[in-house]
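Enquirer: Submitted below is the structure of interest, expressed as structure tokens.
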Amino acid sequence: MKSFFTSALLGLAALALVNLTAQFTGITIPINRLSLAASGGLGVPGVALLVFLNTMLL
């Protein structure tokens with residue numbers, strides 16, 4: 001249980017970090033239910049998946 005919460009917290013922090021560095025990288029991930037669920041449920045790999053999909057599809 002503790003590792004799940006740690007992973008979820010790190011995923012949400014990574015999502016915030018991606019959006020904070022958007023000025024320099026040009027990559028933004030909109031904050032909605034899907035992005036929060038992916039970053040909270042999958043952690044950092046979920047954020048990496050969102051960044052990958054964002055760059056490939058847009």
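Every letter in the sequence shown is one number past the one before it in my numbering, and letter 11, counting from 1, is 11.
Yeah, the Cβ is synthetic: ideal placement off N, Cα and C, and Gly gets one too.
(1) Is DSSP giving P45 helix, strand or coil here?
(2) Using a 10 Å radius around the Cβ and a threshold of 16 neighbouring Cβ atoms, would you call G43 buried or exposed?
(3) Would you kindly check if the distance between the Cβ of G40 and the Cβ of L17 is under 7 Å?
(4) Give me the Cα-Cα distance between A22 and A48, rounded to the nearest whole angstrom.
(5) CA-CA distance, G46 and N32?
Expert: Concretely, from the data shown:
(1) Assignment of P45 by DSSP, reduced to helix, strand and coil, places it in the helix class.
(2) buried
(3) no
(4) 14 Å
(5) 14 Å
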